Amino acid sequence: RIKNQFGWLDTGFEGLDNLLAGGLMTGEVLEFVGESAIGKSQLCMMIAARVAATTCENVIYVDTSNSFSIRRVEQLFNSANQDKDQRK
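Written out as structure tokens, the structure reads:
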């Protein structure tokens, strides 16, 4: 299911949201590029897990470097869920 409405998603990182003029726009693709081993994959997994946990929506994660770790995403998702529950 593809949403017809566009909206903004908070990444959970205030500085990044400011750089992105408010966060991630739904329905668009964002690519992070940079030197090897600076945390791009970790950042993307953290954002994906947080968005999935806080919105209860599907997230598409495209991994072109074969660095995806389901165990790590599960940890991040559980942490994001705990954070969400604490904010209630």
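Numbered per my numbering, the sequence shown spans residues 437 to 524. Yeah, the Cβ is synthetic: ideal placement off N, Cα and C, and Gly gets one too. Keep in mind that this is a model prediction, so the values were computed, not measured.
Give the straight-line distance between the Cα atoms of residue i and residue j, rounded to the nearest whole angstrom.
i: D519; j: Y497; result: 22 angstroms
i: Q522; j: A485; result: 17 angstroms
i: L512; j: D453; result: 19 angstroms
Can you round the beta-carbon distance between residue i and residue j to whole angstroms, since I take them to be within the 8 angstroms contact cut?
i: L466; j: L445; result: Not really, about 10 angstroms apart at Cβ, beyond 8 angstroms.
i: I483; j: G448; result: 7 angstroms
i: T490; j: A516; result: 7 angstroms
Just tell me which of the options has its CA closest to the CA of residue i.
i: S501; options: G470, Q511 and I483; result: G470
i: S472; options: E450, S503, E493 and T462; result: S503
i: K476; options: D499, E464, T490 and G458; result: D499
i: R508; options: G451, V495 and Q478; result: Q478
Mark residue i as exposed unless 16 or more other C-beta atoms lie within 10 angstroms of its C-beta, in which case mark it buried.
i: F468; result: exposed
i: C480; result: buried
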